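Worksheet: the structure to be examined is printed underneath.
Number of protein chains: 2
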Amino acid sequence: MSTNPAPSPEAETLKLERFLPYRLNVVGFFASRALGRIYGEHFGIGIPEWRVVAQLGEFGKLTSRDIGELAQMHKTKVSRAVAELQKRGLVSRAENREDRRESFVALTPAGQRIYAHIVPLALAFEARWIEGIAPDELKVFERVLSTLTDRGRLLAGGYRDVET
Amino acid sequence: MSTNPAPSPEAETLKLERFLPYRLNVVGFFASRALGRIYGEHFGIGIPEWRVVAQLGEFGKLTSRDIGELAQMHKTKVSRAVAELQKRGLVSRAENREDRRESFVALTPAGQRIYAHIVPLALAFEARWIEGIAPDELKVFERVLSTLTDRGRLLAGGYRDVET
DNA sequence: TGACATTAGTTTCATTTGCAACTAATTTTA
DNA sequence: TAAAATTAGTTGCAAATGAAACTAATGTCA
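Going down the list, the protein sequences come from chains A and B.
Once you know that position 127 of the first sequence is 127 in UniProt numbering, the rest is easy, because the numbers rise by one and skip nothing.
Once you know that position 48 of the second sequence is 48 in UniProt numbering, the rest is easy, because the numbers rise by one and skip nothing.
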């Protein structure tokens with residue numbers, strides 16, 4: 001009854017803590033968790049709602065479809081996030097009279113105020129997170145991250161609506 | 001009715017697609033999604049189950065608590081994953097006679113066979129993912145990733161049981 | 001034009017998830 | 001040693017999630 005002799009002698013071994021998909025998932029989870037805390041505490045909204053607000057703050061008015069594409073959110077998630085934000089008076093909807101299936105979503109003045117409050121918090125959070133990392137290393141990191149993201153999108157296979 | 005003039009003139013703007021927490025979350029999601037597909041198709045198990053198997057394959061026998069700590073999983077997730085794996089005959093449990101609150105979980109022979117099959121698939125997947133990235137850039141990437149992960153763990157705040 | 005296919009968005013349903021409360025065992029402390 | 005606190009692990013419950021089905025509108029093609 002001794003402890004922990006690796007049990008699969010013939011199998012190639014794998015150290016989970018060095019396994020890239022695992023690591024990316026963990027760091028991504030921490031990111032969501034930390035930001036979600038900020039959004040939740042300060043504004044009572046969650047990550048999906050924040051993503052919608054962020055896109056609207058950046059682009060003005062968008063259809064739900066656009067939001068989903070830009071923010072990598074499943075359409076049902078967008079639908080529910082928009083509905084919630086509308087219920088809180090943070091976004092408005094205006095039917096597109098040229099295609100009545102869709103409608104344009106935009107921040108209300110209240111929504112814009114929230115956006116204006118969140119953005120500095122989010123940026124400060126990001127700054128604190130990357131503080132002290134050498135700028136050139138960060139550059140490399142971001143470039144590789146882009147490559148991995150693009151390739152991940154393909155490897156994740158379901159090219160189409162991917163929800164995050 | 002022109003389109004998309006940025007609506008918050010005074011607010012600092014933020015581009016979500018360049019926002020690091022967002023990007024990390026997206027790439028992490030792709031990683032999970034892609035791997036989950038592999039595990040699901042080939043072995044009918046999910047990510048949590050895979051993580052348990054991976055740790056047991058690496059370390060031999062572990063308590064659920066250890067698994068949670070090593071694999072960054074909430075204890076309820078571990079509990080359910082272990083229960084599921086046990087139901088499928090892939091892991092066994094043995095009570096620790098020196099502390100009867102906990103028990104040691106270990107792969108059964110069937111579990112070891114699955115592990116031996118999954119590991120090469122997982123490693124091949126990882127290899128395909130990072131293919132073509134310059135080794136020195138990958139080194140930098142992994143180092144920064146470690147820093148971000150450690151700091152993210154703190155920023156995520158809930159130091160204690162973090163579930164992923 | 002009219003049938004068929006596609007698209008935007010919502011809703012239903014089953015699954016997954018995490019929190020909180022719980023049980024049972026062990027450790028601490030007074 | 002007895003009460004209080006802590007710990008391992010499970011379960012109840014409510015919220016979040018995604019797949020699939022659905023509605024309504026538009027596009028395609030004969």
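Every residue, glycine too, gets a C-beta built ideally from N, C-alpha and C.
Quick caveat, the model's predicted, so the values are computed rather than measured.
Glycine 152 of chain A is positioned such that its CB atom lies closer than 9 Å to that of phenylalanine 30 of chain B.
Cβ contact annotation for glutamine 86 of chain B (same chain, cutoff 6 Å, sequence separation greater than five): none. As the crow flies, the alpha-carbon of alanine 110 of chain A is around 15 Å from that of lysine 61 of chain A. The criterion of a C-beta distance shorter than 9 Å is not satisfied by valine 144 of chain B and phenylalanine 125 of chain A. With 16 or more other Cβ atoms from the protein chains shown falling within 10 Å of its own Cβ, glutamate 49 of chain B counts as buried. As a beta-bridge residue in DSSP terms, glutamate 95 of chain B pairs with B:Ser103. Per the coordinates, the alpha-carbon of glycine 46 of chain B lies some 45 Å from the alpha-carbon of arginine 97 of chain A. Non-local C-beta neighbours of leucine 70 of chain B in its own chain, meaning closer than 8 Å and more than five positions away in sequence, comprise Gln55, Phe59, Leu62, ordered along the chain.
The three-state secondary structure of threonine 13 of chain A, taken from DSSP, is coil.
Excluding five sequence positions before and after isoleucine 38 of chain A, the CB atoms of its chain that fall closer than 7 Å to its own CB belong to Leu121, Phe125, given in chain order.
In the displayed model, threonine 108 of chain A falls within coil according to three-state DSSP, outside both helix and strand.
Residues are counted here when their Cβ sits less than 8 Å from a Cβ of chain B; for the segment 21 to 43 of chain A these are Pro21, Tyr22, Arg23, Leu24, Asn25, Val26, Val27, Gly28, Phe29, Phe30, Ala31, Ser32, Arg33, Ala34, Leu35, Arg37, given in chain order.
Taking glycine 57 of chain A as reference, the option from A:Arg113, A:Leu155, A:Asp150 with the minimal CA-CA separation is A:Arg113. A residue is called buried when at least 16 other Cβ atoms come within 10 angstroms of its Cβ; glycine 132 of chain B does not meet this threshold and is exposed. Listed along the chain, the chain B residues whose CB falls inside 8 Å of the CB of glutamate 137 of chain A are Val140, Arg143, Val144. Under the three-state reduction of DSSP, leucine 62 of chain B is assigned to strand. Counting along the chain, glutamate 142 of chain B sits inside the alpha helix (DSSP H) bounded by residues 135 to 155. Against chain A, the CB of isoleucine 45 of chain B has no partner CB under 9 Å away; the residue lies outside that interface. Relative to tryptophan 129 of chain A, the option among B:Val82, B:Val53, B:Leu20 whose CA is nearest is B:Leu20.
Our two residues, serine 32 of chain A and histidine 117 of chain B, have alpha carbons roughly 32 Å apart in a direct line.
Rounded to whole angstroms, leucine 16 of chain A and valine 105 of chain B show a C-alpha spacing of 17 Å. If you draw a straight line from the Cα of alanine 94 of chain A to the Cα of glycine 68 of chain A, it comes to about 17 Å.
Judged by beta-carbon spacing, leucine 24 of chain A lies within the 9 Å limit of valine 27 of chain B, meaning their Cβ atoms are closer than that value. Under the criterion of beta carbons closer than 8 Å, alanine 156 of chain B and alanine 34 of chain A qualify as touching, at roughly 4 Å. Under the Cβ distance rule, threonine 149 of chain A counts among the residues neighbouring chain B, one pair being separated by less than 9 Å.
Counting the other CB atoms within 10 Å of its CB gives leucine 90 of chain A a total of 16 or more, which places it among the buried residues. Arginine 80 of chain A: member of the alpha helix (DSSP H) spanning 75 to 87, first to last residue. Leucine 14 of chain A reaches chain B at Ala54, Gly57, Glu58, Val119, Ala122, Leu123, counting residues in chain order whose Cβ is nearer than 8 Å.
Closer than 9 Å to the CB of alanine 71 of chain A there is at least one CB belonging to chain B. For isoleucine 130 of chain B, the neighbours in chain A by C-beta distance under 8 Å run, in chain order, Leu20, Leu148. If you look at glutamate 131 of chain B, you'll find it isn't in any alpha helix (DSSP H); DSSP assigns it neither H nor E. Scanning chain B for C-beta atoms nearer than 7 Å to the C-beta of arginine 153 of chain A yields Phe30, reported in chain order. Boundaries of the alpha helix (DSSP H) harbouring leucine 35 of chain B: 20 to 43, taken from the DSSP string. Under the 9 Å criterion on CB atoms, alanine 156 of chain A is classed as interfacial with respect to chain B.
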